[in-house]
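Peer 1: Below: one structure in structure tokens.
Number of protein chains: 2
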Amino acid sequence: MGRMEQRAAGDTRDRIVQVTARLLQRQGYEGTGIKQIASESRATLGSVYHFFPGGKQELAAAAIRHGDQEFADLLRSALDSEDDPGKALVACTRELAAGLRDSDWTDGCPVTATALETIGRAPDIQLACAQAIEHWQDLVAGKLLACGFAADTARELASTVVSTLEGAELSAQVARSEEPLHTAGRHLARLVACYAPDATAR
Amino acid sequence: MGRMEQRAAGDTRDRIVQVTARLLQRQGYEGTGIKQIASESRATLGSVYHFFPGGKQELAAAAIRHGDQEFADLLRSALDSEDDPGKALVACTRELAAGLRDSDWTDGCPVTATALETIGRAPDIQLACAQAIEHWQDLVAGKLLACGFAADTARELASTVVSTLEGAELSAQVARSEEPLHTAGRHLARLVACYAPDATAR
DNA sequence: CACATTCTAGAACGAACGCTCTACTCAGTA
DNA sequence: TACTGAGTAGAGCGTTCGTTCTAGAATGTG
Numbered sequence: 001m002g003r004m005e006q007r008a009a010g011d012t013r014d015r016i017v018q019v020t021a022r023l024l025q026r027q028g029y030e031g032t033g034i035k036q037i038a039s040e041s042r043a044t045l046g047s048v049y050h051f052f053p054g055g056k057q058e059l060a061a062a063a064i065r066h067g068d069q070e071f072a073d074l075l076r077s078a079l080d081s082e083d084d085p086g087k088a089l090v091a092c093t094r095e096l097a098a099g100l101r102d103s104d105w106t107d108g109c110p111v112t113a114t115a116l117e118t119i120g121r122a123p124d125i126q127l128a129c130a131q132a133i134e135h136w137q138d139l140v141a142g143k144l145l146a147c148g149f150a151a152d153t154a155r156e157l158a159s160t161v162v163s164t165l166e167g168a169e170l171s172a173q174v175a176r177s178e179e180p181l182h183t184a185g186r187h188l189a190r191l192v193a194c195y196a197p198d199a200t201a202r
Numbered sequence: 001m002g003r004m005e006q007r008a009a010g011d012t013r014d015r016i017v018q019v020t021a022r023l024l025q026r027q028g029y030e031g032t033g034i035k036q037i038a039s040e041s042r043a044t045l046g047s048v049y050h051f052f053p054g055g056k057q058e059l060a061a062a063a064i065r066h067g068d069q070e071f072a073d074l075l076r077s078a079l080d081s082e083d084d085p086g087k088a089l090v091a092c093t094r095e096l097a098a099g100l101r102d103s104d105w106t107d108g109c110p111v112t113a114t115a116l117e118t119i120g121r122a123p124d125i126q127l128a129c130a131q132a133i134e135h136w137q138d139l140v141a142g143k144l145l146a147c148g149f150a151a152d153t154a155r156e157l158a159s160t161v162v163s164t165l166e167g168a169e170l171s172a173q174v175a176r177s178e179e180p181l182h183t184a185g186r187h188l189a190r191l192v193a194c195y196a197p198d199a200t201a202r
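Those sequence lines, one after another, are chains A and B.
Residues in the first sequence are numbered consecutively from 1, following the numbering used here.
Residues in the second sequence are numbered consecutively from 1, following the numbering used here.
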């Protein structure tokens, strides 16, 4: 009853979204063309516009949501890998640095480039970007809450943590060096220690 | 002796660079066209290619260097406005937040968008971006050195400070809120206090 | 079988892209 | 006066852009 076709169709749709997400991450919104997306995802223009009748904007918003999840998965697994919140943040920077190095510094944050280009001119995409950042902040705040931090403190720290991760990843990409990320990791660990619930900031 | 023409010519060149810098800041590299640059700077295509025979890339690199100086001026004046390094960093975030608010969140860092789009595909531009970030780090490190921080500590902190400022400005733009910047300012002040030469981190 | 629906396929459209090119203006020099 | 060199001006090059459109393949249902 149509499972096969629908599966195949779903595969095509997913392939389009995944390829778009990667291209947006590497070349930004204006630098990525629909025809490139179609050819690299082994789909045709007809298919792309069939699944995304809203055109490039709708497709980009879907791809940003995909990148949101991808980044969230990395963040979640790094945060869960350590009990101590400071060590967990260092694990985050280590994972980000590894991803950058392995991609020869091409695969940074899957959202940043598109977010910056579309500010104030593509509300759907900007919304998806804002939700992504909120989502990542929630993950960090959740970790801090689980470690006993006060709710307000956790939320504020999470904001700065995500900002710093974003900025350090940018610095690392531009400088082609892991150092900004590793340094940021150490400093973030020190920062959260200042606000730790067991007041003895070492 | 041709002073007038040369002045007028220099004015045209400067106008082109300034307009390009602003457009790159707001729309990124791929989103900014040479013809838009020409029309908004009241120059013609012929003039643009006369002053920048290397085309879009050469012009963009010059505009990035201009944005570097612009951002450095803001940073320098904010850092000089306070003796205490923590308060100086808060002043930086306050200035950045004011700039964002006044431009309805369109004028963020003049380098970031272009940097992300051209990573690994336009070496001249990427170099200019890397030098800009280094430049800003040097300003922050200089302030910390002047406050008595150890050289290594100052350099590392400066890296994280600039990363956090970049990331917080991005977060603020996407969320259309000053909060990420103000929060980051408080946290950066707390962070540098941890490494202050007078070891009594309050 | 016919029939609708879903998805694939790519030609074609007008607009915009970066860039090249020739023609021109105009002050300074010999 | 003739010439030079800097800068202005914009038509036009080939290409690519996002999008639209029609045609057909594939599958499920009556």
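The C-beta atom is built at its ideal place from N, Cα and C for all residues, glycine as well.
Span of the alpha helix (DSSP H) holding S47 (chain B)?
Peer 2: L45 to F51
Peer 1: Whose C-beta lies closer than 6 Å to the C-beta of A61 (chain A) among residues of the same chain, with five residues either side of it excluded?
Peer 2: D124, I125 and A128
Peer 1: Nearest chain A C-beta to H187 (chain B) closer than 9 Å, yes or no?
Peer 2: yes
Peer 1: Determine contact between the segment 96-115 of chain A and the segment 174-186 of chain A, defined as no fewer than three beta-carbon pairs at a distance below 8 Å.
Peer 2: yes
Peer 1: If you reduce the DSSP assignment to three classes, tell me which class A72 (chain B) lands in.
Peer 2: helix
Peer 1: Out of A:P197, A:Q173, A:T160 and A:A172, point me to the one whose CA is closest to L188 (chain A)'s CA.
Peer 2: A:T160
Peer 1: What does the alpha-carbon distance come out to for the pair T183 (chain A) and H135 (chain A)?
Peer 2: 24 Å
Peer 1: Which residues mark the beginning and the end of the alpha helix (DSSP H) in which R121 (chain B) is found?
Peer 2: First-last for R121 (chain B): undefined, no H or E at that position.
Peer 1: Output yes or no for whether 9 Å exceeds the beta carbon distance between T20 (chain B) and S41 (chain B).
Peer 2: Taking 9 Å as the Cβ cut-off, T20 (chain B) and S41 (chain B) qualify as a contacting pair.
Peer 1: Whole angstroms is fine: what's the gap from G28 (chain B)'s alpha carbon to F51 (chain A)'s?
Peer 2: Their Cα atoms are separated by approximately 28 Å.
Peer 1: So with CB distances below 8 Å, who are the chain A contacts of P85 (chain B)?
Peer 2: Result: empty, since nearest Cβ-Cβ is about 14 Å, beyond 8 Å.
Peer 1: Work out the CA separation of Y195 (chain A) and K87 (chain A) for me, nearest whole Å.
Peer 2: For K87 (chain A) and Y195 (chain A), the gap between their C-alpha atoms comes out near 15 Å.
Peer 1: Can you find at least 3 beta carbon pairs, one from the segment 105-113 of chain A and one from the segment 61-73 of chain A, that sit closer than 8 Å?
Peer 2: yes
Peer 1: Can you have a look at P197 (chain B) and say buried or exposed, based on whether 16 or more other CB atoms are within 10 angstroms of its CB?
Peer 2: exposed
Peer 1: Give every residue of the same chain whose Cβ lies closer than 7 Å to the Cβ of A151 (chain A), excluding the five residues on either side of it in the sequence, and list them in chain order.
Peer 2: L145
Peer 1: Between the segment 14-32 of chain B and chain A, which residues of the former have a C-beta closer than 7 Å to a C-beta of the latter?
Peer 2: Q27, G28, E30 and G31
Peer 1: How far does the alpha helix (DSSP H) with D107 (chain B) in it extend, from its first residue to its last?
Peer 2: That residue, D107 (chain B), is in no alpha helix (DSSP H); it is neither H nor E in DSSP.
Peer 1: Against chain A, does A184 (chain B) count as a neighbour if the rule is that its beta carbon must be under 9 Å from one of theirs?
Peer 2: yes
Peer 1: In the DSSP assignment, the alpha helix (DSSP H) including D102 (chain A) goes from what residue to what residue?
Peer 2: According to the DSSP assignment, D102 (chain A) belongs to the alpha helix (DSSP H) that extends over P85 to D102.
Peer 1: Quick check on the burial criterion: 16 or more other C-beta atoms within 10 angstroms. Buried or exposed for I16 (chain B)?
Peer 2: buried
Peer 1: In whole angstroms, what is the alpha-carbon distance linking G31 (chain B) and D84 (chain B)?
Peer 2: When rounded, the distance between both Cα atoms is 41 Å.
Peer 1: Please confirm if E134 (chain A) has its CB atom under 9 Å from at least one CB of chain B.
Peer 2: By the rule that beta-carbons nearer than 9 Å mark a contact, E134 (chain A) touches chain B.
Peer 1: Does the Cβ-Cβ distance between Q173 (chain A) and L116 (chain B) come in under 9 Å?
Peer 2: yes
Peer 1: Evaluate G148 (chain B) with the Cβ neighbour count: other Cβ atoms within 10 Å of its Cβ, from every protein chain shown; 16 or more gives buried, anything less gives exposed.
Peer 2: exposed
Peer 1: With DSSP run on the structure shown, which of helix, strand or coil describes G67 (chain B)?
Peer 2: helix
Peer 1: Quick check on the DSSP output: the alpha helix (DSSP H) that includes C194 (chain A) runs from which residue to which?
Peer 2: E179 to C194
Peer 1: What does G108 (chain A) touch in chain B if you count any residue whose Cβ is under 8 Å from its own?
Peer 2: L116 and I119
Peer 1: Could you spell out where the alpha helix (DSSP H) holding R155 (chain A) opens and where it closes?
Peer 2: A151 to A175
Peer 1: Look at S171 (chain A) and S163 (chain B) and say whether their C-beta atoms are less than 9 Å apart.
Peer 2: yes
Peer 1: At which residues does the alpha helix (DSSP H) containing G54 (chain B) begin and terminate?
Peer 2: From DSSP, G54 (chain B) is part of no alpha helix (DSSP H); its letter is neither H nor E.
Peer 1: Does G67 (chain A) have its Cβ less than 9 Å from a Cβ in chain B?
Peer 2: G67 (chain A) is outside the set of residues whose beta carbon lies under 9 Å from a beta carbon in chain B.
Peer 1: I'd like to know if V162 (chain A) contacts chain B, where contact means its C-beta is closer than 9 Å to some C-beta of that chain.
Peer 2: yes
Peer 1: Does any C-beta atom of chain A lie closer than 9 Å to the C-beta of V78 (chain B)?
Peer 2: The question names Val, yet the displayed sequence has Ala at residue 78 (chain B). For A78 (chain B), the answer is no, since every Cβ of chain A falls outside 9 Å of its Cβ.
Peer 1: Would S47 (chain B) pass as an interface residue toward chain A - the criterion being a Cβ-Cβ separation below 9 Å?
Peer 2: no
Peer 1: Just checking: is the beta-carbon of A130 (chain B) within a distance shorter than 9 Å of some beta-carbon in chain A?
Peer 2: yes
Peer 1: Please confirm whether A196 (chain B) has its beta-carbon closer than 9 Å to some beta-carbon of chain A.
Peer 2: no
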